[in-house]
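Report on the following structure.
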Amino acid sequence: MKSIHWIIAVAIWVFMASCSGSSTEEKIPDVVTYNFHIRPILSDRCFKCHGPDARQRKANFRLDTEQGAYAALKEGSKEHGIVPGDPEQSDVFLRIASTDTGYVMPPPESNLKLSPFEVELIKKWIKQGAKYQKHWAFSSVQKTDLPEADEDWTKNEIDNFVYTKMDEAGLEPNPEADKSSLIKRLAFDITGLPPTLEEQDNFLQDESPDAYEKLVDHYLKSKHYGEKMAAHWLDVARYADTHGYQDDGLRTMWPWRDWVIHAFNSNYSYEKFLTWQLAGDLIENPSKESILATGFNRNHKITQEGGVIDEEYRIEYVTDRTNTFGKAFLAMTFECAKCHDHKYDPISQKDYFSTFAFFNQLPEKGYQGDIYSGFPADPPRITITSAEVKDVLTFINKKDSLPVNVMVMKDTTLRPTHVLKRGEYDKPGDLVSFNVPNTIFPFDSTRFPKNRLGLSQWLLHRDHPLTSRVIVNRIWQQFFGRGIVKTAGDFGMQGELPTHPELLDWLALDFMNNGWDIKRLIRQIVTSATYRQSAVASKKKLSKDPENIMLSRAPRLRFPAEAVRDHVLASSGLLIPEIGGPSVKPYQPKGIWEASTSGRGLTKYIQDHGNDLYRRTMYTFIKRTVPPPAMLVFDGSNRDQCEVKRMNTNTPLQALVMLNDPQVLEAARVLAEKTTAEPLNLEQKIELIFKKIICRKPSADEIKILSDYYEESLIKAKSEKESIQKLTRYGEYPVKSSIN
Numbered sequence: 029m030k031s032i033h034w035i036i037a038v039a040i041w042v043f044m045a046s047c048s049g050s051s052t053e054e055k056i057p058d059v060v061t062y063n064f065h066i067r068p069i070l071s072d073r074c075f076k077c078h079g080p081d082a083r084q085r086k087a088n089f090r091l092d093t094e095q096g097a098y099a100a101l102k103e104g105s106k107e108h109g110i111v112p113g114d115p116e117q118s119d120v121f122l123r124i125a126s127t128d129t130g131y132v133m134p135p136p137e138s139n140l141k142l143s144p145f146e147v148e149l150i151k152k153w154i155k156q157g158a159k160y161q162k163h164w165a166f167s168s169v170q171k172t173d174l175p176e177a178d179e180d181w182t183k184n185e186i187d188n189f190v191y192t193k194m195d196e197a198g199l200e201p202n203p204e205a206d207k208s209s210l211i212k213r214l215a216f217d218i219t220g221l222p223p224t225l226e227e228q229d230n231f232l233q234d235e236s237p238d239a240y241e242k243l244v245d246h247y248l249k250s251k252h253y254g255e256k257m258a259a260h261w262l263d264v265a266r267y268a269d270t271h272g273y274q275d276d277g278l279r280t281m282w283p284w285r286d287w288v289i290h291a292f293n294s295n296y297s298y299e300k301f302l303t304w305q306l307a308g309d310l311i312e313n314p315s316k317e318s319i320l321a322t323g324f325n326r327n328h329k330i331t332q333e334g335g336v337i338d339e340e341y342r343i344e345y346v347t348d349r350t351n352t353f354g355k356a357f358l359a360m361t362f363e364c365a366k367c368h369d370h371k372y373d374p375i376s377q378k379d380y381f382s383t384f385a386f387f388n389q390l391p392e393k394g395y396q397g398d399i400y401s402g403f404p405a406d407p408p409r410i411t412i413t414s415a416e417v418k419d420v421l422t423f424i425n426k427k428d429s430l431p432v433n434v435m436v437m438k439d440t441t442l443r444p445t446h447v448l449k450r451g452e453y454d455k456p457g458d459l460v461s462f463n464v465p466n467t468i469f470p471f472d473s474t475r476f477p478k479n480r481l482g483l484s485q486w487l488l489h490r491d492h493p494l495t496s497r498v499i500v501n502r503i504w505q506q507f508f509g510r511g512i513v514k515t516a517g518d519f520g521m522q523g524e525l526p527t528h529p530e531l532l533d534w535l536a537l538d539f540m541n542n543g544w545d546i547k548r549l550i551r552q553i554v555t556s557a558t559y560r561q562s563a564v565a566s567k568k569k570l571s572k573d574p575e576n577i578m579l580s581r582a583p584r585l586r587f588p589a590e591a592v593r594d595h596v597l598a599s600s601g602l603l604i605p606e607i608g609g610p611s612v613k614p615y616q617p618k619g620i621w622e623a624s625t626s627g628r629g630l631t632k633y634i635q636d637h638g639n640d641l642y643r644r645t646m647y648t649f650i651k652r653t654v655p656p657p658a659m660l661v662f663d664g665s666n667r668d669q670c671e672v673k674r675m676n677t678n679t680p681l682q683a684l685v686m687l688n689d690p691q692v693l694e695a696a697r698v699l700a701e702k703t704t705a706e707p708l709n710l711e712q713k714i715e716l717i718f719k720k721i722i723c724r725k726p727s728a729d730e731i732k733i734l735s736d737y738y739e740e741s742l743i744k745a746k747s748e749k750e751s752i753q754k755l756t757r758y759g760e761y762p763v764k765s766s767i768n
């Protein structure tokens, strides 16, 4: 019977190979590896039924381990899933190559299938010995030799790795971008704000060989660097100004946000940044600052609705902390293992709840009290006074004399942790101890204390395979729009493979060897020739590498939601550069909060006035159930859960916001007023506005187009005075009556 299947499989394969374009378009590599060629196929099509999850495993056969794949299909049987070196005797190959609907794998009802190319790839892998490899992300960071590259192009070690891959793909690097492009790119990437006119002029006039490096250092020293870096971390930490759930009442976590900005501006090492947030209350001689940092763990949603089951919601909070830990620091989808063993990654349900135990020791309640008896900060919490802000916590922007309560971590008693059957709060199963998925990296209880401090020490161990790779990849993503591993939140079996694995390991090791220094890493990235390329995309490059995976040009990135509004405010001169402080409520369409309220908590949006209207967008008040609409339109996070990369969408609402938002109209009016008051001719005024918004001088053609548009608009303005006057009424910034 087996030989018949084999004959049919070969016949079908020969026919398909002769007809399919894929066999000619894709070349089977000389050496087929498990990690880079085979595992992605098996993970996508096979692991759901033949992977780590024992309860979902079919026919008691698993393909995610070599022991399972090589084993006899049945006890005493001569048939094996995979026979290394012999695809014709391997049931796996026979089934994936078959067209018999009762025999082929994956079965037709799964709607999954392998292409002829993939079948041939697996066949060659089996012929070459079907060698399994440890998942690349679970292998320790490897020291890699620096490849040779074009010395005339490279600026630092990053370029050696990038050039090698680029050259292998038949591509050449772009020339360096012009100075105007570089300063705009650098200013927004490091500070999230446009370069000032003075910065633009100084850089353009600086002919010294280290002019660019001096500009990099200038921006890294800016107080706005900390704001830009913190904006991403607020997504990771799911920071918001309300508790979430139905009632969605006020919380006061903004001092923790001020700490994050301070930590980046002070260039705290990632080692310290991570440790304090996970376990700042458990370090030796903890300070009020280190305890404040643990607010990271309390940024999750908290219910204030009466009648809920206390334990159910307490379990939800611990679940959130566990899931956030997995994604934020390990780039692993821990949440998949709460109800059952992970279907793709080696994380069992027992592993999940063993990790859960570290975050399960907090003396918190699922329901502390409603919004008329509850607090903006549920216990455990710390109280920050004005004596403290003045003398110790000087980075907190607190203006009034009232104390501020902030939720933090404080373990008091040892609470037993059980595996919860199907993840349900009221179905405790086996008792578990403090532990982690040992497949990733073993937790040595003789070296690491069994608490959150031990967990942070486990993360920061030199041999840990994930921690340095994950943060280096995420910082790389901030500057190139895409990580070396595209799936920045998933380094597991379903995640994408690194495009430049040697570069990722080199950067990760170098990062650890140099004190986990974040500013140093960023300086390496932005001073590289790779980063400094122009963004021009030739037809050849668009054809060969449309996604710019080989980095042969600078990426074209969209502004994040915060930068869209911040640029509007900064270029108009309205931006208030104050750092930190309580969240503010700028303009927002009427009725949004009122239409979504439960009748309790924050039921009405009360807009702020004065300088608070023009603060940076990262200080905008975020109500979880109704996030700021202008931020959502531009793909801002609603902060419901940990997010490490935002979506990119196209919607007409984006254009409508830029045309009709009162903040934009007000900024346009103020910019017009200020420019009109300048003793300049029309061409000079156009150039001034152009430099403020576009950050470069306009070309002659651009000046001609804008001059013509100005003349047309002036005629229209004179004939439609009433409608033009309406435009001058947008916003609360005073109108200069002396300006026409």
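Just remember that the working numbering sits 28 ahead of the position in the sequence shown, which is counted from 1.
Using N, Cα and C, we set each Cβ at its ideal position, and we do this for glycine too.
As the crow flies, the alpha-carbon of V692 is around 55 Å from that of S461. Boundaries of the beta strand (DSSP E) harbouring I410: R409 to I412, taken from the DSSP string.
In the DSSP assignment, N433 falls within the unbroken beta strand (DSSP E) covering V432 to M435.
If the five residues before and after T679 are omitted, its C-beta is found closer than 6 Å to no C-beta atom of its own chain. When rounded, the separation of the alpha-carbon atoms in L641 and G198 is 51 Å.
When rounded, the separation of the alpha-carbon atoms in K651 and D668 is 10 Å. Counting only runs of 4+ residues, the alpha helix (DSSP H) found wholly inside the stretch 67–140 occupies 67–73, 75–78, 94–98 and 119–125, in chain order. Per DSSP, G254 is one residue of the alpha helix (DSSP H) stretching across K251 to V264. In the DSSP assignment, no residue is bridged to P404. In this structure, A100 places its C-beta atom within 8 Å of the C-beta atom of E107. Within the model, the alpha-carbon separation for T322 versus L310 is close to 10 Å.
Across the set F662, Q377, S751 and E200, the C-alpha of Q377 shows the shortest separation from the C-alpha of L448.
For I412, the closest of Q396, V436, V592 and G397 by C-alpha to C-alpha distance is V436.
Shortest Cα-Cα distance from L210 to any of Q274, T172 and L243 involves L243. By alpha-carbon distance to T527, the top candidate from P762, T515 and Q233 is T515. In the pairwise beta carbon analysis, the stretch 70–86 is classified as touching the stretch 366–381: at least three pairs are separated by under 8 Å. A536 and K754 have their C-alpha atoms some 56 Å from each other. With the rule of 3 Cβ pairs closer than 8 Å, the stretch 384–395 counts as touching the stretch 331–341. When DSSP reads this structure, P456 sits in a beta bridge with L448.
When only Cα atoms are considered, P656 and M281 end up about 18 Å apart.
With a cutoff of 8 Å on beta-carbon distance, P588 and R644 are scored as not near each other.
Between I154 and F121, the CB-CB gap stays under 8 Å. Nearest Cα to A598 within the set I124, V698 and Y453: V698. Sequence-distant partners of Y647 (beyond 5 residues in either direction) whose C-beta falls short of 6 Å from its own C-beta, in its chain, are S611 and V612. Pairing R480 with A307 gives a Cβ-Cβ distance under 8 Å. For V672, the three-state secondary structure derived from DSSP is coil. Under the 8 Å Cβ criterion, the stretch 199–218 counts as touching the stretch 722–742, having at least three qualifying pairs. With 16 or more other Cβ atoms inside 10 Å of its own Cβ, T361 counts as buried. For the 8 Å CB-CB criterion, S735 and E711 form a contact. In this structure G220 is buried. Its beta-carbon is surrounded by 16 or more other beta-carbon atoms within 10 angstroms.
The Cβ atoms of R628 and D275 lie closer than 8 Å to each other. By the Cβ neighbour-count rule, I634 is exposed, with fewer than 16 other Cβ atoms within 10 Å of its own. Pairing I319 with V432, the inter-Cα distance amounts to about 14 Å. Its Cα nearest to that of E452, the residue V346 stands out among M540, D491, V346 and S624. If you look at K746, you'll find it in the alpha helix (DSSP H) that goes A728 to S747.
Note on geometry: alpha-carbon atoms of S473 and V111 lie some 39 Å from one another.
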